[in-house]
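Asks: Let me begin by handing over the structure; questions about it come next.
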């Protein structure tokens with residue numbers, strides 16, 4: 022089993038609310054040393070307040086230097102230029118990134134090095150750290166994100182797949198796509214912090230004061246509110262059922278002003294991860310109102326298992342990975358069916374909470390990471406890049422050129 026290594030994790034901001042990469046990195050740090058690299062060169066910034074704030078935050082982190090937020094885990098925010106389409110900038114970034122990562126690694130006790138990347142575009146830096154293993158942990162169809170250069174992402178991601186000993190995907194759609202480039206591709210759906218979220222069922226957690234002021238029934242959503250969240254769908258249901266309260270917990274990157282006149286649409290902002298079980302305990306259902314498009318057809322929402330572990334009934338739009346959890350999850354694709362699904366869930370007996378929670382008991386993050394470590398530990402793993410039979414045409418056939 023992989024232990025005692027120095028693992029370089031390329032990922033987005035460590036200071037963001039916990040997602041899969043945080044859970045994985047924290048588990049790896051139990052018996053390895055993890056260097057988390059806050060990689061922020063995947064897309065060019067846009068002229069908006071959110072990106073301006075993000076840039077200022079990254080600049081502060083760059084000058085903070087190497088941080089050590091928990092045992093066996095260090096965080097490096099490297100100085101790089103977020104202009105991924107420029108060949109000159111990419112060469113400059115490689116020089117800057119490699120130099121800064123190597124300097125940070127030199128401050129750790131010497132050990133074999135692994136690279137685990139949660140971002141699709143770091144292949145240009147590989148081979149400079151003496152890495153023994155490379156793993157690409159693919160959680161999204163990154164080329165479909167707004168603001169990303171689709172063609173550039175596809176090319177970069179193809180190179181990373183070819184140079185990885187193992188590609189981990191969190192949905193069947195992602196597995197099928199990446200397996201065209203790397204036969205060492207495995208499906209590992211997201212896990213859940215079961216001990217944390219099951220507290221909503223097992224403990225008498227106090228009702229958050231802000232939630233106590235909102236009448237029931239309360240239909241909740243937590244997570245970042247971005248362009249793939251169909252707030253319009255929820256608003257139409259809210260108009261039809263003014264006695265229902267729709268509570269959105271999380272920051273937003275979209276304009277929410279069109280919903281200001283709906284008194285039963287509550288946008289309360291981000292809440293600390295530690296408080297989410299208490300919010301879940303005092304909600305009546307969890308919502309996953311994602312738009313159905315190329316991006317979301319490959320997504321596997323972490324909040325699905327978090328809702329269920331907290332005992333909540335779930336109403337979702339027809340995302341392929343969520344539909345696998347029927348009948349525990351109710352599926353709806355328009356305002357009328359969404360309203361009917363909520364109404365049905367609100368009539369379910371409270372005894373169902375326990376069965377939903379128990380269904381998640383084996384889907385924990387430790388179980389997921391254990392499976393990945395066992396697969397990566399196989400000494401026979403070889404990257405397609407190392408395989409003489411791999412040709413440039415393989416990338417083209419996979420639709421990534």
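Residue numbers (this note's numbering): 22 to 422.
Backbone N, C-alpha and C define an ideal beta-carbon position, used for all residues, glycine too.
1. Just verifying my parser: in three-state terms, what is the DSSP assignment at residue 300?
2. Specify the secondary structure class of residue 252 as computed by DSSP and reduced to three states.
3. Run through the stretch 317-398 for me and flag every whole beta strand (DSSP E) of 3 or more residues, listed as ranges in chain order.
4. Measuring CB atoms only, is the stretch 224-240 touching the stretch 302-311, in the sense that at least three cross pairs come out at less than 8 Å?
5. Quick one: complete beta strand (DSSP E) runs, 3+ long, within the stretch 158-189?
6. According to DSSP, simplified to helix, strand and coil, what is residue 54?
7. Secondary structure at residue 118, three-state DSSP: helix, strand or coil?
8. By Cβ distance below 6 Å, which residues in the same chain neighbour residue 129 in space, the five residues on each side in sequence not counted?
9. Just how far apart, CA to CA, sit residue 266 and residue 286?
10. Any contact of the stretch 193-210 with the stretch 165-172, i.e. 3+ C-beta pairs under 8 Å?
11. Along the chain, which unbroken stretches of the alpha helix (DSSP H) at least 4 residues long are found entirely within the stretch 207-262?
12. Return the CA-CA distance between residue 419 and residue 259, expressed in angstroms with no decimal places.
13. Counting Cβ pairs, one atom from each stretch, are 3 or more of them under 8 Å apart for the stretch 365-375 and the stretch 333-344?
14. On the DSSP letters alone, give me the boundaries of the alpha helix (DSSP H) that residue 49 sits inside.
15. Quick check on the burial criterion: 16 or more other C-beta atoms within 10 angstroms. Buried or exposed for residue 294?
16. What is the C-beta distance between residue 160 and residue 185, in whole angstroms, given that I count them as a contact (C-beta under 8 Å)?
17. If I'm right that residue 41 touches residue 323 with Cβ under 8 Å, what's the distance once you round it to whole angstroms?
18. Looking at residue 189: is its Cβ nearer than 8 Å to the Cβ of residue 150?
19. What would DSSP say about residue 133, mapped onto helix, strand or coil?
20. Please work out which residues of its chain come closer than 7 Å, Cβ to Cβ, to residue 402, disregarding the five sequence neighbours upstream and downstream, and give them in chain order.
21. Go to residue 197, then tell me how far its beta strand (DSSP E) extends in each direction, as first and last residue.
22. Report the rounded CA-to-CA distance for residue 176 versus residue 360, giving the unit in angstroms.
23. Quick one, which of 389, 126, 145 has its alpha-carbon nearest residue 114's?
24. Count Cβ pairs between the stretch 261-275 and the stretch 311-319 that sit closer than 8 Å; are there 3 or more?
25. Nearest by alpha-carbon distance to residue 255: which of 355, 86, 247 is it?
26. Within 10 Å of its beta-carbon, does residue 2 have 16 or more other beta-carbons around it, so buried, or fewer, so exposed?
27. Hey, quick one: how far does the beta strand (DSSP E) through residue 32 stretch, first residue to last?
28. For the structure I just gave you, are there three or more beta carbon pairs, one from the stretch 222-231 and one from the stretch 345-352, closer than 8 Å?
29. For the beta strand (DSSP E) that contains residue 101, what are its first and last residues?
30. Report the three-state DSSP secondary structure of residue 156 (helix, strand or coil).
Replies: Taking the geometry as given:
1. As a working mapping, residue 300 is identified with position 279 in the chain shown. In the structure shown, residue 300 adopts helical secondary structure according to DSSP, grouped into three states.
2. The count along the chain shown starts at 1 and reaches residue 252 at position 231. Three-state result, residue 252: helix.
3. The qualifying runs are 335-337, 350-352.
4. A contact exists between the stretch 224-240 and the stretch 302-311.
5. The stretch 158-189 contains no complete beta strand (DSSP E) run of 3 or more residues.
6. Within the chain shown, residue 54 is the residue found at index 33, counting from 1. Secondary structure at residue 54: strand, using DSSP grouped into helix, strand and coil.
7. For the purposes of this step, residue 118 is taken as the residue at position 97 of the chain shown. Residue state, collapsed to three classes: helix.
8. Residue mapping note: residue 129 aligns to position 108 of the chain shown, counting from 1. Same-chain partners within the cutoff: 27, 54.
9. What you label residue 266 is simply residue 245 of the chain shown in a count that begins at 1. What you label residue 286 is simply residue 265 of the chain shown in a count that begins at 1. Across the structure, residue 266 and residue 286 are spaced so that their CA atoms are roughly 6 Å apart.
10. Between the stretch 193-210 and the stretch 165-172 there are fewer than three inter-stretch CB-CB distances shorter than 8 Å, so the stretches are not counted as touching.
11. Complete alpha helix (DSSP H) runs here, min 4: 215-218, 220-223, 230-233, 252-261.
12. Against the chain shown, residue 419 aligns to sequence position 398. Against the chain shown, residue 259 aligns to sequence position 238. At residue 419 the pLDDT is 45, less than 50, meaning the model places this residue with poor confidence; the figure from the coordinates comes in the next sentence. Roughly 43 Å separates the two Cα atoms.
13. Taking 8 Å as the limit for Cβ pairs, the verdict is that the stretch 333-344 does touch the stretch 365-375.
14. Reading the chain shown from its first residue, position 28 is the one you call residue 49. Residue 49 -> alpha helix (DSSP H) spans 41-49.
15. Taking the chain shown and counting its residues from 1, one reaches residue 294 at position 273. It is exposed - the Cβ of residue 294 has fewer than 16 other Cβ atoms within 10 Å.
16. As a working note, residue 160 is residue 139 in the chain shown. As a working note, residue 185 is residue 164 in the chain shown. Contact doesn't hold; Cβ gap of about 14 Å is too wide.
17. Taking the chain shown and counting its residues from 1, the one referred to as residue 41 is at position 20. Taking the chain shown and counting its residues from 1, the one referred to as residue 323 is at position 302. Here residue 41 really is in contact with residue 323; their C-beta atoms are around 6 Å apart, less than 8 Å.
18. Within the chain shown, residue 189 is the residue found at index 168, counting from 1. Within the chain shown, residue 150 is the residue found at index 129, counting from 1. The answer is no: Cβ separation not under 8 Å.
19. Taking the chain shown and counting its residues from 1, one reaches residue 133 at position 112. Residue state, collapsed to three classes: coil.
20. Position 381 of the chain shown, counting from 1, holds the residue named residue 402. Only 186, 187, 205 meet the Cβ criterion.
21. The residue given as residue 197 occupies position 176 in the chain shown. No beta strand (DSSP E) holds residue 197; the alpha helix (DSSP H) holding it covers 193-199.
22. Looking up residue 176 in the chain shown gives position 155. Looking up residue 360 in the chain shown gives position 339. Rounded to the nearest angstrom, the two C-alpha atoms are 42 Å apart.
23. For the purposes of this step, residue 114 is taken as residue 93 along the chain shown, with counting starting at 1. Among 389, 126, 145, the Cα nearest to that of residue 114 is on 145.
24. Contact between the stretch 261-275 and the stretch 311-319 is absent: fewer than 3 CB-CB pairs across the two stretches fall below 8 Å.
25. Taking the chain shown and counting its residues from 1, the one referred to as residue 255 is at position 234. The candidate whose alpha carbon is nearest that of residue 255 is 355.
26. No information on residue 2 is available, as it lies outside the stretch 22 to 422 that the chain covers here.
27. The residue given as residue 32 occupies position 11 in the chain shown. Run containing residue 32: 27-32, per the beta strand (DSSP E) assignment.
28. Under the three-pair Cβ rule at 8 Å, the stretch 222-231 does not count as touching the stretch 345-352.
29. Here the question's residue 101 lines up with position 80 in the chain shown. No beta strand (DSSP E) holds residue 101; DSSP gives it neither H nor E.
30. Locating residue 156 in the chain shown gives position 135, counting from the first residue. It is a strand residue.
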